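Here the sequence shown is numbered in my numbering, starting from 1 and rising by one per residue. So the structure is just underneath, and the comments pick up after that.
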Amino acid sequence: MTTKTVVVRLEEEDYELLRQGARALGVRPGTAARILLKAALAGQNGGRDAEERKRRGLDALDRLRESRKGLPPIDLAKVLEESRRDLEERVPRQLGWIE
Numbered sequence: 001m002t003t004k005t006v007v008v009r010l011e012e013e014d015y016e017l018l019r020q021g022a023r024a025l026g027v028r029p030g031t032a033a034r035i036l037l038k039a040a041l042a043g044q045n046g047g048r049d050a051e052e053r054k055r056r057g058l059d060a061l062d063r064l065r066e067s068r069k070g071l072p073p074i075d076l077a078k079v080l081e082e083s084r085r086d087l088e089e090r091v092p093r094q095l096g097w098i099e
């Protein structure tokens, strides 16, 4: 894919907001600007991208549901309880609080 360069002039306050947002995302300001621009342009197509993402998400959930067929049910409360117990035993030992 070929790219084109566009120069955008921002007021100092706007650039500072862009810089802060970029820092929060862990990217450079130019990359953050590109992300914001793509999101804004995608929003102009009447929500078709959002509908497509929703459809793909629902399809993924259907595939996940299908992949679970025939497997035993999961007792989420039991899994969480066992995980918490394991964590409570492991962390103090790792931190040297108990031997």
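By construction, the Cβ of each residue, glycine as well, lies at the ideal position given by its N, Cα and C atoms. Note that the structure is a prediction, hence the values are computed from the model and not measured.
Per-residue burial, residue 77 [other beta carbons within 10 Å of its own, 16 or more giving buried]: Numbered from its first residue, the sequence shown carries residue 77 at position 77. Residue 77 is exposed by the Cβ-count criterion.
Tell me whether residue 21, by its Cβ, gets closer than 8 Å to a heavy atom of the ligand HEM. Among the components modelled here there is no ligand, and therefore nothing to report on the ligand HEM.
Do you know how far the Cα of residue 42 is from the Cα of residue 52? To locate residue 52, count along the sequence shown from 1; it is residue 52. To locate residue 42, count along the sequence shown from 1; it is residue 42. For residue 52 and residue 42, the distance between alpha carbons rounds to 11 Å.
Below 9 Å between beta carbons: does that hold for residue 25 and residue 32? Taking the sequence shown and counting its residues from 1, one reaches residue 25 at position 25. Taking the sequence shown and counting its residues from 1, one reaches residue 32 at position 32. Against a cut-off of 9 Å, the Cβ pair of residue 32 and residue 25 comes out as a contact.
Quick one: Cα of residue 74 to Cα of residue 87, how far? Reading the sequence shown from its first residue, position 74 is the one you call residue 74. Reading the sequence shown from its first residue, position 87 is the one you call residue 87. In a straight line, the C-alpha of residue 74 is about 20 Å away from that of residue 87.
Where residue 78 sits in the DSSP three-state scheme: Within the sequence shown, the letter at position 78 stands for residue 78. In the structure shown, residue 78 sits in a helix (DSSP, three-state: H, G or I).
Could you give the distance in angstroms between the alpha-carbon of residue 28 and the alpha-carbon of residue 20? Taking the first residue of the sequence shown as position 1, residue 28 is located at position 28. Taking the first residue of the sequence shown as position 1, residue 20 is located at position 20. So the alpha carbons of these two residues sit roughly 10 Å apart.
Between the C-alpha atoms of residue 5 and residue 79, what's the straight-line distance to the nearest angstrom? Against the sequence shown, residue 5 aligns to sequence position 5. Against the sequence shown, residue 79 aligns to sequence position 79. In a straight line, the C-alpha of residue 5 is about 52 Å away from that of residue 79.
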